[in-house]
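Below is one structure, written out as structure tokens, with a few remarks after it.
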Amino acid sequence: MQELLVPRVMNDMSMPLEAKLEALLFFIGGPVRIAGLAQMTGTEVSAVTEALQALTNILADRGIRLILTEDEAALGTAPELYELIESVRREELEGPLGKAGLETLAIILYRGPISRSDIEYIRGVNATSSLRTLQVRGLVERIDNPSDKRSFLYRATSEVPAYLGLSSLSELPDFEKVAGELRAVAESKSVEATVT
Amino acid sequence: MQELLVPRVMNDMSMPLEAKLEALLFFIGGPVRIAGLAQMTGTEVSAVTEALQALTNILADRGIRLILTEDEAALGTAPELYELIESVRREELEGPLGKAGLETLAIILYRGPISRSDIEYIRGVNATSSLRTLQVRGLVERIDNPSDKRSFLYRATSEVPAYLGLSSLSELPDFEKVAGELRAVAESKSVEATVT
Amino acid sequence: MSATFSVKVSDYEGPLDLILALIEERKLLISDVSISAIADAFLAYVSEHGGFPVSEAAHFVAVAATLLLLKSRSLLPVLMLTSEEEGDIKDLEQRLKLLSIIKTVAQSLSALKGRLYFGSGVRSVEPIFVPPPDMTLQSLAAAANSAIVSAPRPQIRDEVEVRKVLSLDEMIERLTARIQSALTMSFRDFSQGASDPREIVVGFLAMLELVKRGFAEVRQQQHFDEITIEYAGAAGTPRYE
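Dropping the structure here:
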């Protein structure tokens, strides 16, 4: 089979930004930072975000879908084709996440970015091993805590919507409702704390 | 506890053959024999050929194109985007490996051939993108796992010891000690797996 | 019996998980009343089951102490809790509510089937060996060591004995001795020497334990009355109501 990248001198100005992003995401194969995409294509982040939205619509009922998180984008196979892909996949099988992993993931999704101690506060158990499992599976990543240099926060990666069969985290079940409920309970705590 | 969401009915029958082929080619990432595609999708070769024609048309002015030879099919980036893709590829090849890349390479050198899950267990983070970079740069290669047909092992290419001036990997600094320690860590993984 | 607070990790994911399970079992809503109602079942469960790993000990003891406070507040009106202790109770209630929401969500996440797979990128491009500038024998050895340093240590699965304020066993011994000598005494007499409300609570629980074991008879004529303890003779067969 001949080279897939057929060298041809041509002005790529004719291609819309969506097409460029699609090609880049396909070539790279995994999640790419939106800021990185802007740099590669020499455009503004806002333009990239807009073009990614357009690409989402273009791919809406295709075999390939766009997966978007706040700052990353990736192409993935359609969730409806899960079983087909699973049948040709040659990677070590990963079992489903256990109760601990799912609960920790849920806390990070609906309350994240969140520190380890806040996760432990909610679950009442040590979170080290759950966080490790989630990191190993690429579902969660550790970032610096902007308000405390010595600690870290955990947040979901673009592997999470892919893992759950969603195109973006906004499709999470009852996202607004649950996040609101959690906020309400958590806030009643801080009110309490200032009163006493 | 009430259900927040009714699980989606996953029925890939609703997806046209083009979409299935697109997903398969995307996931595999390289050329696939048309006979193989027919087998994977459980259809006739003639139906696959026809669907591939349709896919060619669907992708006619997109960032991803279908490349067809007589008996193989692959997805590729649009030829008009050659320069863009080439510049990204160069960038991937140059520059330092960084902490994640170096640690992954070191683990493979001292403890390879090693599975992705063992690397991930040792490092505590997902190894997909490090492994991809190391492979693209010709530092690491993927081989079949003799004890598990469904998985792969990773080992250093012969260029690495040559470049480092070693006639064998056992000449790496503190080889016995470091390899032993890595082995101990990887073994504690299987112990943990049986306990939990 | 072991007087340490312990729970088998395999059954419940820590104290909050156990409390939620007990509340749910009784079809109660989360409130200080329902938490207080399951306190006995909670303490019974933890004294009946085996140990738990070191890493869980701190979480468990903190929650158990708050439960003791709650229980005591509902049973011993003489006990005045500090605002900090009241805060602990409110806090526990809040954590249980948060976790309960999370559990529902986690369940619906596990019901999501199907997933999207990333592509493997374009693989037709032949790898080119380009030695990275930072790849040297030294940097590789350093990287291997740094990977080893942050790698997980083999898990220590020892069980620890956790003592909080006073262990139940110690209290039971003290109570037994005093009951035998005085035959009849009031709980107030018994708890007079206690400085920490938690100590009173442990005493109270120890008393309940004695009743259960058939060592003592406890009488309370009316609500808020003096609680009287009587020696019920030799250690007999345990009684379970």
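Chain order of the listed sequences is A, B and C. Number 91 in our numbering belongs to position 90 of the first sequence; there are no gaps in the numbering. Number 116 in our numbering belongs to position 115 of the second sequence; there are no gaps in the numbering. Number 104 in our numbering belongs to position 107 of the third sequence; there are no gaps in the numbering. Every residue gets a Cβ at the ideal spot worked out from N, C-alpha and C, and that includes glycine.
Distance between beta carbons of residue j and residue i, contact taken as under 8 Å
| i | j | result |
| --- | --- | --- |
| F39 (chain C) | L78 (chain C) | 19 Å between Cβ atoms; not a contact. |
| L53 (chain A) | L22 (chain A) | 6 Å |
| S107 (chain C) | L103 (chain A) | 6 Å |
| G30 (chain A) | S117 (chain C) | 5 Å |
| M16 (chain A) | A36 (chain B) | Not confirmed; about 33 Å, so no contact. |
| I65 (chain A) | A74 (chain B) | In fact, because the Cβ distance is near 15 Å, the residues do not count as touching under 8 Å. |
| A138 (chain C) | D175 (chain B) | 6 Å |
| V127 (chain C) | R138 (chain B) | 6 Å |
| P149 (chain C) | S189 (chain B) | 7 Å |
| V179 (chain A) | Y111 (chain A) | 5 Å |
| I32 (chain C) | E81 (chain C) | Contact flag wrong, Cβ pair sits at about 18 Å. |
| L69 (chain A) | L60 (chain A) | About 11 Å; that fails the 8 Å criterion. |
| F27 (chain B) | F28 (chain A) | Contact flag wrong, Cβ pair sits at about 11 Å. |
| L93 (chain C) | I145 (chain C) | The pair is not a contact, with the Cβ atoms about 40 Å apart (cut-off 8 Å). |
| P32 (chain A) | S159 (chain A) | 4 Å |
| L140 (chain A) | L106 (chain A) | 6 Å |
| P97 (chain B) | P129 (chain C) | 6 Å |
Straight-line Cα distance separating residue j from residue i
| i | j | result |
| --- | --- | --- |
| K110 (chain C) | E95 (chain A) | 14 Å |
| G99 (chain B) | D131 (chain C) | 8 Å |
| L26 (chain C) | I35 (chain C) | 12 Å |
| L96 (chain C) | L132 (chain A) | 17 Å |
| Q40 (chain A) | T134 (chain B) | 19 Å |
| I86 (chain C) | S116 (chain A) | 23 Å |
| Q104 (chain C) | E177 (chain A) | 17 Å |
| S118 (chain A) | L154 (chain A) | 10 Å |
| L82 (chain B) | R184 (chain A) | 46 Å |
| S212 (chain A) | T129 (chain B) | With chain A running from 2 to 197 in the structure shown, residue 212 (chain A) is simply not present. |
| D62 (chain A) | R91 (chain B) | 33 Å |
| Y9 (chain C) | A18 (chain C) | 9 Å |
| I109 (chain B) | Y114 (chain C) | 25 Å |
| E45 (chain A) | G166 (chain A) | 29 Å |
| Q136 (chain A) | R156 (chain A) | 10 Å |
| R50 (chain A) | S143 (chain C) | The displayed chain sequence assigns Thr, not Arg, to residue 50 (chain A). Using only the alpha carbons, I get a separation of about 37 Å. |
| D29 (chain C) | D88 (chain C) | 10 Å |
| I98 (chain C) | A187 (chain A) | 12 Å |
| E71 (chain A) | L170 (chain A) | 9 Å |
| T42 (chain B) | A48 (chain B) | 10 Å |
| Q135 (chain C) | P124 (chain C) | 25 Å |
| E158 (chain C) | V161 (chain A) | Bear in mind that a pLDDT of 38 at E158 (chain C), under 50, signals an unreliable position, so the model cannot answer this. |
| I86 (chain A) | R112 (chain C) | 10 Å |
| E84 (chain A) | L38 (chain B) | 15 Å |
| L13 (chain C) | A163 (chain B) | 57 Å |
| E83 (chain C) | N146 (chain A) | 31 Å |
| Q100 (chain C) | A59 (chain C) | Here residue 100 (chain C) is Lys; the residue named in the question, Gln, does not match the sequence. So the two alpha carbons sit approximately 22 Å from each other. |
| E22 (chain C) | V119 (chain C) | 54 Å |
| A55 (chain B) | G181 (chain A) | 46 Å |
| A140 (chain C) | T57 (chain A) | 40 Å |
| A101 (chain A) | G11 (chain C) | 10 Å |
Element boundaries [beta strand (DSSP E), containing residue i]
| i | result |
| --- | --- |
| S69 (chain B) | As written in the sequence, residue 69 (chain B) is Leu, which differs from the Ser given in the question. It spans 65 to 69 - the beta strand (DSSP E) in which L69 (chain B) sits, taken as one unbroken run. |
| D119 (chain A) | Looking at the DSSP string, D119 (chain A) is not in any beta strand (DSSP E); the run it does join, the alpha helix (DSSP H), is 117 to 124. |
| L154 (chain A) | 149 to 157 |
| I144 (chain B) | 141 to 146 |
| E73 (chain B) | 73 to 78 |
Opening and closing residue of the alpha helix (DSSP H) in which residue i lies
| i | result |
| --- | --- |
| K1 (chain B) | Within the shown structure, residues of chain B are numbered from 2 to 197, placing residue 1 (chain B) beyond reach of any answer. |
| R92 (chain C) | 80 to 107 |
| I134 (chain C) | For clarity, residue 134 (chain C) is Leu in the given sequence; the question names Ile instead. From DSSP, the alpha helix (DSSP H) with L134 (chain C) extends over 134 to 146. |
| L110 (chain A) | 100 to 112 |
| R112 (chain C) | No alpha helix (DSSP H) holds R112 (chain C); DSSP gives it neither H nor E. |
| N58 (chain A) | 46 to 59 |
| G37 (chain A) | 35 to 42 |
| L132 (chain B) | 129 to 137 |
| V30 (chain C) | 29 to 34 |
| P12 (chain C) | 11 to 22 |
Residues in the stretch 11 to 31 of chain A with C-beta within 9 Å of chain C's C-beta atoms, listed in sequence order?
-> Cβ contacts with chain C: L26, F27, F28, I29, G30, G31.
Contacting positions in the stretch 166 to 193 of chain A - beta carbon closer than 9 Å to chain C | Answer in chain order: G166, L167, S168, L173, P174, D175, V179, E182, L183, V186, A187, S189, K190, E193.
What residues in the stretch 78 to 89 of chain A bring their beta carbon closer than 8 Å to a beta carbon of chain B?
-> Correct list: T78, A79, P80, E81, L82, Y83, E84, L85, I86, S88, V89.
Select from the stretch 125 to 140 of chain C all residues with a C-beta closer than 9 Å to any C-beta belonging to chain B, and list them in chain order.
-> Cβ contacts with chain B come from I125, F126, V127, P128, P129, P130, D131, M132, T133, L134, Q135, S136, L137, A138, A139, A140.
Of the residues that make up the stretch 103 to 123 of chain C, which ones have a beta carbon closer than 9 Å to any beta carbon in chain A?
-> Contact residues of the stretch 103 to 123 of chain C toward chain A are A103, Q104, S105, L106, S107, A108, L109, K110, G111, R112, L113, Y114, F115, G116, S117, G118, V119, R120, S121, V122 (C-beta to C-beta distance below 9 Å).
Against chain B: residues of the stretch 4 to 33 of chain C by CB proximity under 7 Å = Result list empty, no residue passes.
With 7 Å as the limit, tell me which residues of the stretch 126 to 140 of chain A have their beta carbon closer than that to any beta carbon of chain B; keep them in chain order.
-> Within the stretch 126 to 140 of chain A, contact with chain B at the beta-carbon level (separation under 7 Å) is assigned to R133, Q136, V137, R138, G139.
Listed in chain order, which residues of the stretch 46 to 65 of chain B have Cβ atoms closer than 7 Å to some Cβ of chain A?
-> Answer in chain order: R63, G64, I65.
Using a Cβ-Cβ cut-off of less than 9 Å, list which residues of the stretch 100 to 118 of chain B approach chain C; keep chain order.
-> Against chain C - using a Cβ distance shorter than 9 Å - the residues of the stretch 100 to 118 of chain B are K100, G102, L103, E104, T105, L106, A107, I108, L110, Y111, R112.
Chain A contacts made by the stretch 148 to 162 of chain B, where a contact means CB separation under 9 Å = Of all residues in the stretch 148 to 162 of chain B, only D149, K150, R151, S152, F153 come within less than 9 Å of chain A when Cβ atoms are compared, listed by chain position.
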